[in-house]
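All letters in the first sequence, in the order written, are residues 1 to 347 by the UniProt record's numbering. Every residue gets a Cβ at the ideal spot worked out from N, C-alpha and C, and that includes glycine.
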Amino acid sequence: MKIKEIANKLNISPRAIRFYEEKGLISPVKQEHNQYRTFTEKEIWRLQTILSLREAGMTIEDIKKALAEVDKEDKEELLYYLELQRSVMFSQWLELKQILETTDQMIGLMKQQQSLDLHNIFELAEGSKRLRESRKNWYDKWNFDHKASSHDEYVRNNNDEYQNYEEALDMIVQWVSPQQNEWGLDIGTGTGNLAGKFLTRNIKMAAIDQSKEMLKQCRRKFPNMETKLGNFLAIPYLDEDFDFVVTSFAFHHLTHEQKKLALTEMRRVLKPHGRICIADLMFENRKKQVEYLQDLSEKGMNNTVKAIQDEYYSILTDLLEWFDKNRYITKYHQINDFLYIVYAVPI
DNA sequence: TTTCTCACA
DNA sequence: TGTGAGAA
């Protein structure tokens, strides 16, 4: 088939088809004598795929990568690209939503004061910008993709960071004690251990993680769990979706600023009565953190100091304060030196 | 008709 | 991320 025929068939310009070729997405054979391109069924299918992915908002470069996976017939990798795409779109949606909110607040201010209070508006804009950057600045410096295959074993054998692991997970299930028809979300699920505990109690669960390799393991262990690529700062679900949100041993990977954003995100995807349960490594308060780090550096354990600073352990009192401000009733329990479990129910 | 190239938004 | 014009 010649270029105009498929152009008509697919409702695009011949020019666009040549453009896709130029970008390396397709490579139709050219006839010897006149250099006309000829297209086979396979190429039409490929073009259709390109158009669909384009429709889904993928850039040419991303489509190129995705098509490479199609060529390799790697279903899982293609799925990953689609999910990655979805999570990117979700972040963009959240950003737009946030800009909308900021604008609404500005409109509100204008109406209230009948004049431009530049200072207020500047603060709003700054706040919005900070949130956006906070989202953008997240990256996986711990390389969880790399750790995925040995993660479960590491957890079992690590009596430091993952001390009382099973106990903590069981306690979350117990504290949340979900009803049969409820639906929960596990953020930073890793290989799905926490979500799995709910699932085996016949509770419908969604599990998200930013690492595709972790999710692979998770799907292998729990084939009927819903899994999605995503993170704390852009939870890939619509508003008011879940009855409860849980997370274990993951919250400390966020900076303090990002933690607040994450809590706001959790509240967004929760139904109004939705509850939150977090098990993680924390300091009881800021004073204890300072003292502990001082103590360590006096002992010359600078590596440990750095490790703890890098992991941004939560401050229990900060967390409780946020919940209090946002009208939650909380209870918490200290499991060991650093491991706490916090449970929050809206008033 | 189609191809290619250059410029343009 | 495409499009338009013009020459071959």
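### Query
Per DSSP, leucine 229 is paired with what?
Asp209
### Query
Between the Cα of aspartate 280 and the Cα atoms of Ser13, Lys221 and Ile341, which residue gives the shortest distance?
Ile341
### Query
Does the beta-carbon distance from serine 52 to phenylalanine 144 come in below 8 Å?
no
### Message
Could you compute how far the alpha carbon of leucine 261 sits from the alpha carbon of proline 272?
### Response
18 Å
### Query
How far does the beta strand (DSSP E) with tyrosine 343 in it reach, from first residue to last?
339 to 346
### Task
Count the other CB atoms, across all protein chains shown, that sit within 10 Å of the CB of glycine 184; report buried if there are 16 or more and exposed otherwise.
buried
### Query
CB-CB under 7 Å to glutamine 31, same chain, minus the five flanking residues each way: which ones, in chain order?
Thr38
### Query
Under the DSSP definition of a beta bridge, which residues are partnered with tryptophan 183?
Lys204
### Under 8 Å between C-beta atoms of tyrosine 328 and isoleucine 347
yes
#### Entry: Any 3 or more C-beta pairs closer than 8 Å across the stretch 204 to 222 and the stretch 233 to 253
yes
### Message
Suppose the cutoff is 6 Å on Cβ atoms and the five residues either side in sequence are ignored; what does the same chain contact list for methionine 266 look like?
### Response
Val245 and Ile276
### Query
Measuring CB to CB, does threonine 264 end up less than 8 Å from asparagine 285?
no
#### Entry: Selected residue, minimal CA-CA separation from lysine 221, among Phe242, Thr189 and Tyr292
Thr189
### Message
Could you tell me the alpha carbon to alpha carbon distance between asparagine 120 and glutamine 113, rounded to whole angstroms?
### Response
11 Å
### Query
In this structure, what does DSSP give as the bridge partners for valine 29?
Thr38
### Start-to-end residues for the beta strand (DSSP E) that takes in asparagine 320
Asparagine is not the amino acid found at residue 320; the sequence shown has leucine there. No beta strand (DSSP E) holds leucine 320; the alpha helix (DSSP H) holding it covers 316 to 325.
### Task
Could you name the residues of the same chain whose beta carbon sits closer than 6 Å to that of glutamate 240, not counting the 5 residues immediately before and after it, in chain order?
Lys271
### Task
Evaluate contact between the stretch 126 to 137 and the stretch 94 to 110, counting only Cβ atoms and requiring at least three cross-stretch pairs below 8 Å.
yes
#### Entry: Contact the stretch 169 to 176 vs the stretch 147 to 159: 3+ CB pairs below 8 Å
no
### Task
Would you mind reading off the limits of the alpha helix (DSSP H) that contains tyrosine 154?
151 to 157
### Query
Secondary structure at threonine 103, three-state DSSP: helix, strand or coil?
helix
### Message
Here's a check: name, in chain order, each residue in its chain whose Cβ is nearer than 6 Å to the Cβ of glutamate 69, leaving out the five neighbours to either side.
### Response
Glu77 and Leu78
### Task
Taking all protein chains shown into account, decide if tyrosine 139 is buried (16 or more other Cβ within 10 angstroms of its Cβ) or exposed.
exposed
### Query
Hey, out of Ala195, Leu319 and Glu182, whose CA is closest to glycine 274's CA?
Glu182
### Task
In angstroms with no decimal places, state the Cα-to-Cα distance between leucine 282 and asparagine 336.
The identity of residue 282 in the sequence shown is methionine, whereas the question assumes leucine. Those two C-alpha atoms are separated by around 10 Å.
### Message
Tell me which residue opens and which closes the beta strand (DSSP E) that proline 14 is part of.
### Response
Not the beta strand (DSSP E): proline 14 falls in the alpha helix (DSSP H), residues 14 to 22.
### Query
Does DSSP put methionine 1 in a helix, in a strand, or in coil?
coil
### Task
Assign alanine 168 to one of three DSSP states: helix, strand, or coil.
helix
### The beta strand (DSSP E) enclosing serine 248, as first and last residue numbers
242 to 248
### Task
Check whether the Cβ atoms of leucine 82 and leucine 47 sit closer than 8 Å, and answer yes or no.
no
### Query
When DSSP builds the beta bridges, which residues end up paired with cysteine 277?
Val246 and Tyr343
### Query
Heavy atom of the ligand MG less than 7 Å from the Cβ of leucine 25, yes or no?
Inclusion of the ligand MG in the displayed structure is not the case, the ligand content being empty and no account of it being possible.
#### Entry: Beta-bridge partners of threonine 330, as assigned by DSSP
Ala344
#### Entry: Proximal residues to glycine 196 (C-beta, below 6 Å), its chain only, five neighbours per side dropped
Phe222
### Query
So tyrosine 292 is in the alpha helix (DSSP H); what residue range does that whole segment cover?
286 to 298
#### Entry: Cβ separation of cysteine 218 and threonine 255, assumed to be a contact under 8 Å, to the nearest whole Å
Between threonine 255 and cysteine 218 the Cβ distance is about 25 Å, and since that is not below 8 Å, they are no contact.
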